[in-house]
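Visitor: The structure that follows is given in the form of structure tokens.
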Amino acid sequence: MANRPILRTSALALCIGALAACSGTADEEATAPTTSQSGDTSTTSSPGPDATISSSGPDEASTSAVAAPGLGAELEVLDVTVTAPREVVTLDDGGLLISDQAGLVHVVGADGTARTEPLLDVSDSIKTPNRGALEAGLAGFALAPDFAKSGHFYTTTTHAPDDISASLPQGTRQVSVLSRWTADPASLVTDPDSEEQLMVLPSRDADHVGGEIVFDDQGLLYTALGAPSRDEVAQDPHNYSGTVLRIDPTPAEGAAQEDRAYGIPEDNPFADGEGGLPEIYSYGYRNPWRLTWDAEHGLLVGEAMSRDKDQQLGQPAPGDDAGYPEVSGACWEGDQVADACQETEAGVPIAPPVLEYGPQVGEILSGVAIGTGGDLQGRVVVTDWLGDVLVADAGPAPWDYEVLTDGQDIVGRASYLWDVDAEPDGSLYVLTADRALSDGGGAVHRLAP
Ligand SMILES: [Ca+2]
Ligand SMILES: [Ca+2]
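FYI, in mature numbering (1 follows the signal peptide of the UniProt record, and there is no 0) the residues of the sequence shown are -20 to -1, 1 to 429.
Next up, the structure:
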């Protein structure tokens, strides 16, 4: 299945003419190449002889489908205009919420039709992802576990330092803000004045945003912030850069501490502020930009490393140090942890990743999800932005993996496989963006259970 290109014709000519310019550079902070791309998902085409396109079937709002041989089924392409989709939430009525890094959370009805009015539109007040920093924008979106009652949802957004009123450390190049919003859970209309900023996280890096938000079954919220490349700050638990954070966003009455509008879980490693910041759950990361959680696996952290290095999936316990920047690539030599991944120069034990892949497969880890249906049920799905879909089963590290789709099967050379999401109804969503993250250049693909 190595040569089944599913290419988007509008960007194909540009990329054939300048193939090198079409490979990703976001991880090096370079400005992404510009490709033009229609936002109309119905233009997805599949010139390869083995690929198939189908019309929509019974759901008339879905406009096309993409063959994904390694996944054993076609991917339905949803009729919603997106730039860089990041999260899908299935609503009780069968509708969907789809967050887009461009600053929108779309509402898609059960009939597949996108509503004109989004749940949220902050596109005018944040940095957007298509002006040189592919990771910027609305990086995280999650409904509160009690959304049906409270109407609360959470976002992480990135901002230029000048747009933040808080005083910031010298050298700040970008600021991530974790916020809570309130919507009417019935009408899905958000009060635009409801934003409460919970955390303001300055960074010396203009990318490496992190920002994904997940909840565990205790109602604790996890998010993350990347660190600048090769920067020792990732080893400093007194700094948020290069960390996974865990907070209790709805502490019991009176349990919010000091001037914080949230609680600190008791078993956070620095909960008392001794030795590190109380919100830190684990640290020593380069770019922990994809997170997922389920009761069986706990927290899984998908970390993007440099393009010429192994990509890493971590399963951290509280207080774990993933070792960056001293660890920047392969930690495993067969079943043995490499010497370089045993402990930091300061003598702190390093928690090696549970899975690493590359650089011979893929290039940048772009998503992690735990399958909820079909052959993927309970399996860990890891995606790479070049289009590879890997699956693995939890067990003693290092986890073996299989490559289900390689490279071009789904995204072609013009797009990135940008994120992946598994929903409780068994659907797997493969989220793509064109390589410039141009407006409307993304797509939401659904693999039905
Ligand atoms: Ca995601
Ligand atoms: Ca989801």
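Using N, Cα and C, we set each Cβ at its ideal position, and we do this for glycine too.
(1) Go ahead and label SER105 buried or exposed: buried means 16 or more other beta carbons lie within 10 angstroms of its beta carbon, across all protein chains shown.
(2) Going straight from the alpha carbon of SER147 to that of PRO182, what length do you get?
(3) Tell me which same chain residues have a C-beta within less than 6 Å of the C-beta of ALA128, skipping the five on either side of it?
(4) Say the cut is 8 Å; is the CB of ALA402 nearer than that to a heavy atom of ligand 2?
(5) Runs of 3 residues minimum, wholly inside the stretch 56 to 106: which ones carry the beta strand (DSSP E) assignment?
(6) State the Cα-Cα distance for the pair SER16 and ALA113, rounded to the nearest angstrom.
(7) Between the alpha carbons of TRP398 and GLU233, how many angstroms are there, rounded?
(8) Given a cut-off of 9 Å on the beta-carbon distance, is the pair LEU356 and GLN291 in contact?
(9) Is it the case that the stretch 161 to 175 contacts the stretch 192 to 207, given that we only count it when at least three CB pairs across the two stretches are under 8 Å?
(10) Give the single residue among GLU283, ASP73, ALA251, HIS86 whose Cα lies nearest to the Cα of GLY222.
(11) In the DSSP output, which residue or residues are listed as bridge partners for PHE195?
(12) Buried or exposed: where does GLU97 fall if 16 or more other Cβ atoms within 10 Å of its Cβ makes it buried?
(13) Indicate, with yes or no, if ligand 1 has a heavy atom lying under 8 Å from the CB of GLY421.
(14) Return the bridge partner residues of PRO182 from the DSSP annotation.
(15) Please report the distance separating the alpha-carbon of ARG240 from that of LEU51.
(16) Below 8 Å on the Cβ atoms is my guess for VAL341 versus ASP368; work out the distance and round it to an integer in Å.
(17) Can you give the Cα-Cα distance for ASP126 and ASP319, rounded to whole angstroms?
(18) Who are the near neighbours of TYR337 in its chain, counting only those whose CB is closer than 7 Å to its CB and skipping five residues on each side?
(19) According to DSSP, is THR388 helix, strand or coil?
(20) Among residues of its own chain, excluding the 5 on either side of TRP161, which ones have a beta-carbon nearer than 6 Å to its beta-carbon?
Guide: A quick look at the data gives this:
(1) Answer is exposed; the Cβ neighbour count stays below 16.
(2) Taking the straight line joining both Cα atoms gives about 10 Å.
(3) Counting only residues of its own chain and dropping the five nearest sequence neighbours on each side, ALA128 has a CB closer than 6 Å to the CB of PRO165.
(4) Correct: ALA402 has its Cβ closer than 8 Å to ligand 2.
(5) Under the rule that a run must span 3 or more residues, the beta strand (DSSP E) segments found entirely inside the stretch 56 to 106 read 65 to 70, 76 to 80, 84 to 88.
(6) Reliability of the predicted coordinates at SER16 is poor, the pLDDT of 33 falling under 50, and the value obtained from them is presented with this limitation in mind. Cα-Cα distance, rounded: 18 Å.
(7) Roughly 39 Å between the two C-alpha positions.
(8) Cβ atoms of LEU356 and GLN291: not closer than 9 Å.
(9) These segments do not touch.
(10) If we check each option's Cα against that of GLY222, GLU283 comes out closest.
(11) LEU201.
(12) Here GLU97 is exposed, its C-beta having fewer than 16 other C-beta atoms within 10 Å.
(13) In this structure, GLY421 has its CB at a distance of at least 8 Å from all heavy atoms of ligand 1.
(14) Answer by DSSP bridge pairing, in chain order: VAL155.
(15) Straight-line Cα distance between these residues: approximately 45 Å.
(16) Going by Cβ atoms, the distance from VAL341 to ASP368 rounds to 6 Å, so yes, they are a contact pair.
(17) In a straight line, the C-alpha of ASP126 is about 46 Å away from that of ASP319.
(18) Excluding residues within five positions, the ones whose Cβ falls inside 7 Å are ASP290, GLN291, LEU370, TYR381.
(19) Per the sequence shown, the amino acid found at residue 388 is Gln instead of Thr. Reduced to three states, the DSSP call for GLN388 is helix.
(20) Answer for TRP161: PHE133, THR170, SER174, GLU175, listed in chain order.
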